Amino acid sequence: PNMFTSYSAKKVQALFDRLYLKPTDAIGQYKTQDVYDVFFKPTVTNFAQDVAFISASVPKARLNKLLKEYQTAAKEKSDAFSGPDFLYQLAQDNLSLEGAPNSVRNGRTLGIMLRRRADKTWPTVTKLLKRVLKDYDPALSKELAGKL
């Protein structure tokens with residue numbers, strides 16, 4: 007069985023378009039910018055910084071090789087496969103952790119990048135991430151411009 011969930015880039019985009027709220031919109035009595043700042047900003051910031059770091063330090067060809075290793079390990083070990091443990095070790099072995107954000111060390115973002123490469127939704131994910139950053143965190147968007 008395939009251990010990786012696949013998504014459709016068109017459906018991801020359509021869902022985003024249907025649900026996306028601008029920072030000036032409101033959820034009840036709260037501006038969505040305030041909701042973002044309190045509930046989502048730390049997670050989105052860590053994710054974006056991890057993506058920028060991984061993108062800058064791991065060439066695309068190497069990411070493709072890591073994806074193959076990930077898929078092979080998942081298939082061969084099947085029920086005994088632990089994705090988080092495998093990704094942690096993959097990050098330790100393949101990312102130059104000097105100067106890396108602390109969050110990049112656990113392999114979570116690397117795993118997201120690899121799985122979304124597998125189903126070809128990664129370009130859509132990065133496009134949507136850039137949109138969220140541009141709208142909700144312009145300073146981080148500017149800082150990471152060209153790195154995502």
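Our numbering numbers the first residue of the sequence shown as 7 and each following residue consecutively. Think of the CB as a built atom: it goes at the ideal place given N, C-alpha and C, for glycine as much as any other residue. Computed from a predicted model, the values in this text were never measured in an experiment.
Assumed close pair residue i, residue j - CB separation to whole angstroms, cut-off 8 Å
| i | j | result |
| --- | --- | --- |
| Leu101 | Ser63 | 6 Å |
| Thr127 | Val18 | 6 Å |
| Ala79 | Phe92 | 6 Å |
| Leu120 | Ala54 | Wrong, their Cβ atoms sit about 17 Å apart, outside the cutoff. |
| Val110 | Phe59 | 5 Å |
| Asp143 | Lys37 | With 8 Å as the limit, Asp143 and Lys37 do not qualify as a contact, their Cβ atoms being about 14 Å apart. |
Residues of its chain near residue i, where Cβ-Cβ distance is below 8 Å and the 5 sequence neighbours each way are ignored
| i | result |
| --- | --- |
| Ala124 | Phe10, Ser12, Leu73, Gln77 |
| Ala145 | none |
| Arg68 | Asn100 |
| Asn108 | none |
Neighbour flag for residue i against chain D, beta carbons, 8 Å
| i | result |
| --- | --- |
| Leu73 | Given the protein chain composition of this structure (a single chain), no chain D is represented. |
Start-to-end residues for the alpha helix (DSSP H) that takes in residue i
| i | result |
| --- | --- |
| Tyr142 | 128-142 |
| Val18 | 15-25 |
| Tyr94 | 89-100 |
| Asn52 | 47-63 |
| Tyr76 | 66-83 |
Exposed unless 16 or more other CB atoms sit within 10 angstroms - verdict on residue i
| i | result |
| --- | --- |
| Gln95 | exposed |
| Gly34 | exposed |
| Gly117 | buried |
| Ala86 | exposed |
| Thr30 | exposed |
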